[in-house]
Structures are given as structure tokens and as C-alpha cells.
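Read through the structure below, which is laid out as C-alpha cells, and then see the notes.
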Amino acid sequence: MSLVISAYVPTGIVMSADSRTTMTWTSPPDGDGRVTFTNVVLSDSARKLFLLFGRFGVGTFGDAFISNMPIAHYVADYEARAKGSEPKTTEACGRQLNEYFAKLLPRPNVGFFVSGFDDLMPFAFHANALTGDLARQNVAAGTSEIQYGVAYGGDTAVLGRLLGDPKFLPAFGVMPLQDAIDFSRHLVRTTIEQLRFEPRFATVGGAIDTVIVQPGEARWLSQKELTAK
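Residue numbering for the sequence shown follows the numbering used here, beginning at 373 and increasing consecutively.
Spelled out as C-alpha cells, the structure:
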């Protein structure tokens, strides 16, 4: 499981994600034919957040593996294959991702947050590789009017409680970019800390990665690095 945050405010878009991957291990049948299902943490070093083509932020949630390869492998493969035909718009990036993942077998149940600026116009999309749907998030429903807010995917149970009452939501329309950075990381960190105390399997954990996207600029603020101890 995962937790990916996409926060869009007037001066940019911030994306943050955790680093945990999990699986359910199924035991061989015992003498009575019963099997046991055990949730296990595979890694706290997984990559779920990406900076594609130097201008698009992409966060993934849902299936962590396809044919025993991590999602990060396929995102890198998509970017490599798109060289020479790079998407010109944020929407095109979302559509290309859906089309690439739709060709994989089995077709994965993966969601994406895709963010970018087309000239000075911000775009934040939710792409669904399983259904092929692509929906813009940062506009008022049924209009092209820009709105500011936050979207989240993965294990969102804790955030559903934290952000469930609209009157306690931040004033995204006047939020500085630094506050959006702090807020996105706070949501991931709070989920990790809350799951430590809840009587259930902790599906969110590890380091928190963060990308910011602004007009003419997209860059990492926090990214896991390989180390040798």
C-alpha cells in the first residue's frame, strides 16, 4: 500500500509520498487444507514519486509490482521509450502513462497523480491505468475555473478522519508554497505515526519524498538516495 499527496496552491504544486511496499503472504495448505494469510513489509525504500522529462511530477499508488518487477521499473521504461516523442502537455503525460500501462499483462490496478505547468497554467490529474480514466483535479467540477486543494491516494483512512470536516481544511487559495510543502509532508508523516498505534497492519512507512512543480521549474526537495554503510 502507499500514500501519495498532491497539494495545489497558487504558486505551485507539491507532491509527497511514503516509501513502503507490502504484500500478503499465503501459506501452503496445512493438513486440514487451511491456509494462512500474513501481511508483511517488503521494503521501506520503494520509489513512488517521479520527476519525468524534467517537468512533470508523477506519484503512483495501487499495485506495487507487475510480473515481479516494481512500478519504478515501468515508469523508468515509459520515460526511456518516450524519448523523441515526449508529451508536450501535462494531460498528454497522463494519457501516455495510461496507454503504456494498459499494454502490460496482467493490466495493473495502478493510480497516478500527474502534475505540471503548461506555460503558466497549472494542471493536476488523476490517471487510472486499470480503467483508462483521466480526470483533472484542480478545477471546479464541470468548469475550467482553477481551484486549490489537496488530493490523496493509497491508504487514506487516517486522512479521511483528519480532513473529513471541510470547515477545518486549510485556506489553500492563499497558502504559500512552503506551507503546502509542510502540509503534504505532515499528512504522510502523521499517517505513519498514527498507524504505529492503530491495531492493524501499518501500510505506510519509510522515508518521505517530495517534488515541487512550478512554472518553468520542477525539482526534488527530498529524495531517497542510495547509500553504503
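Using N, Cα and C, we set each Cβ at its ideal position, and we do this for glycine too. Remember, it's a predicted structure, so these values are computed and weren't measured experimentally.
inquiry  = DSSP has L447 in a bridge; who is on the other side?
reply    = By 1-based counting over the sequence shown, the position of residue 447 is 75. Reading off the sequence, residue 447 comes out as Val, not Leu. Note: V447 sits in no beta bridge, so no partner.
request  = Could you check how far apart the C-beta atoms of M387 and L421 are, in whole angstroms? I think they sit under 8 Å.
outcome  = By one-based count along the sequence shown, residue 387 stands at place 15. By one-based count along the sequence shown, residue 421 stands at place 49. The pair is a contact, with the Cβ atoms about 6 Å apart (cut-off 8 Å).
query = Using 8 Å as the Cβ pair cut-off and three pairs as the minimum, do the segment 535-552 and the segment 404-413 touch?
reply = no
task = Look at the Cβ atom of A602, then the Cβ atom of V482, and state whether they are nearer than 7 Å.
result = The structure shown has nothing for residue 602, since the chain only spans 373 to 601.
message = Restricting to Cα atoms, I'd like to know which of F544, L598, R406 is closest to G384.
response = Position 12 of the sequence shown holds residue 384. If we check each option's Cα against that of G384, F544 comes out closest.
request  = Please name the residue or residues paired with R406 in a DSSP beta bridge.
outcome  = To locate residue 406, count along the sequence shown from 1; it is residue 34. None; R406 has no bridge partner.
request  = Give the range of the beta strand (DSSP E) segment to which T461 is assigned.
outcome  = Numbered from its first residue, the sequence shown carries residue 461 at position 89. Here T461 belongs to no beta strand (DSSP E), and DSSP marks it neither H nor E.
request  = Could you please give the first and the last residue of the uninterrupted beta strand (DSSP E) stretch that includes D505?
outcome  = Start at 1 with the first residue of the sequence shown, and residue 505 comes out as number 133. Run containing D505: none; DSSP gives neither H nor E here.
query = Alpha carbon to alpha carbon, what distance is there between G405 and V585?
reply = One-based indexing of the sequence shown puts residue 585 at position 213. One-based indexing of the sequence shown puts residue 405 at position 33. Each residue's alpha carbon lies about 53 Å from the other.
ask   = Roughly how many whole angstroms lie between the Cα atoms of M395 and P480?
value = Taking the sequence shown and counting its residues from 1, one reaches residue 395 at position 23. Taking the sequence shown and counting its residues from 1, one reaches residue 480 at position 108. Spanning the two alpha carbons is a distance of roughly 15 Å.
CA-to-CA distance, A436 to V447, given in whole angstroms = The residue you call residue 447 lines up with position 75 of the sequence shown. The residue you call residue 436 lines up with position 64 of the sequence shown. Cα-Cα distance, rounded: 12 Å.
task = Could you tell me whether the Cβ atoms of V583 and I564 are closer together than 7 Å?
result = Locating residue 583 in the sequence shown gives position 211, counting from the first residue. Locating residue 564 in the sequence shown gives position 192, counting from the first residue. Not a contact, by the Cβ cut-off of 7 Å.
query = Is DSSP giving E642 helix, strand or coil here?
reply = The requested residue 642 does not occur in the structure, where the chain is confined to residues 373 to 601.
For A436, the residue or residues it bridges with in DSSP = Position 64 of the sequence shown, counted from the first residue, corresponds to residue 436. Bridge partners of A436: none, in fact.
Per DSSP, the bridge partner or partners of I385 = The residue labelled residue 385 in the question sits at position 13 within the sequence shown. Y380, V585, per the DSSP bridge assignment.
ask   = Assuming V560 contacts A389 under a Cβ cut-off of 8 Å, what Cβ separation, rounded to an integer in Å, is found between them?
value = Taking the first residue of the sequence shown as position 1, residue 560 is located at position 188. Taking the first residue of the sequence shown as position 1, residue 389 is located at position 17. Right, their Cβ atoms sit about 7 Å apart.
Where A418 falls: helix, strand or coil (DSSP) = Counting from one through the sequence shown, the residue named residue 418 turns up at place 46. DSSP places A418 in coil when its eight states are reduced to three.
Coil, strand or helix - V560 by DSSP = Your numbering for residue 560 matches position 188 in the sequence shown. In the structure shown, V560 sits in a helix (DSSP, three-state: H, G or I).
task = Ignore the nearest five residues each way along the sequence and tell me which others in T398's own chain have a CB closer than 7 Å to its CB.
result = Here the question's residue 398 lines up with position 26 in the sequence shown. The answer, listed in chain order, is V407, F409.
task = May I ask you to check if the CB of W397 is nearer than 6 Å to at least one heavy atom of the ligand ATP?
result = The ligand ATP is not among the ligands present in this structure, which contains no ligands whatsoever.
message = Just to confirm, is the Cβ distance from K513 to Y380 under 7 Å?
response = Position 141 of the sequence shown holds residue 513. Position 8 of the sequence shown holds residue 380. The question names Lys, but residue 513 is Ala in the sequence shown. No, they are not a contact pair.
query = Rounded to the nearest angstrom, how far is the Cβ of V376 from that of G431, given a contact under 8 Å?
reply = Your numbering for residue 376 matches position 4 in the sequence shown. Your numbering for residue 431 matches position 59 in the sequence shown. Contact flag correct, Cβ pair sits at about 4 Å.
message = In the DSSP assignment, the alpha helix (DSSP H) including G532 goes from what residue to what residue?
response = Stepping through the sequence shown from its first residue, residue 532 is reached at position 160. Residues 529-534.
CB contact flag (G466, L492, <7 Å) = Stepping through the sequence shown from its first residue, residue 466 is reached at position 94. Stepping through the sequence shown from its first residue, residue 492 is reached at position 120. For G466 and L492, no; Cβs fall outside 7 Å.
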